[in-house]
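Numbering (the working numbering), first residue to last: -6 to 111.
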C-alpha cells in the first residue's frame, strides 16, 4: 500500500513542477531560451529520477524496505510515465507558444511599414 502512495507522490510532485514550468515556457520570447529550457527540463527529470533511486537505495541499506518490484521495475515505470508527461508538456508548450506568436502577428492593431494618409 505504501508503494502506491509513494508512487502517486512521485508522479504528483513531478506534474505540479511541470505545470509551473509549462506556464513559464509559454511566455518565453526567445527560441534559444525556449530550447535551452527544454534541454534543462529533460536533464532535471533525469536528476529527479536519480535522486528518487538513491533515496530508495539509502532506505533499503538502512533496513526500510519499499517494494518497487524486482530490480525496482516500478521506479522504471514511473520514470517512463514522467518522461511521457514531459514530452506532452514540451509539445503543448511549443504549440501554445506558436499560437501566441501567431495571434500577436495577426492582431488588427498591427501596422506593417509606413502608411499614407490622405
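Beta carbons are placed, not taken as given, at the ideal position from N, Cα and C, and that holds for glycine.
* With DSSP collapsed to three states, give me the class of residue 62. => The residue you call residue 62 lines up with position 69 of the chain shown. The DSSP-derived three-state label of residue 62 is coil.
* Asked: How is residue 57 classed by DSSP in three states: helix, strand or coil?
  -> Numbered from its first residue, the chain shown carries residue 57 at position 64. Annotated three-state conformation of residue 57 is coil, per DSSP.
* Quick one: using the 10 Å Cβ neighbour count with 16 as the cut-off for buried, is residue 3 buried or exposed? => Here residue 3 is taken as the residue at index 10 of the chain shown, counted from 1. If you draw a 10 Å sphere on the C-beta of residue 3, you find 16 or more other C-beta atoms in it, and that means buried.
* Tell whether a beta-carbon distance below 7 Å holds between residue 81 and residue -4. => As a working mapping, residue 81 is identified with position 88 in the chain shown. As a working mapping, residue -4 is identified with position 3 in the chain shown. With a cutoff of 7 Å on beta-carbon distance, residue 81 and residue -4 are scored as not near each other.
* **Sub-7 Å separation of residue 79 and residue 38 beta-carbons** => Numbered from 1 along the chain shown, position 86 holds the residue referred to as residue 79. Numbered from 1 along the chain shown, position 45 holds the residue referred to as residue 38. In this structure, the beta-carbon distance from residue 79 to residue 38 falls below 7 Å.
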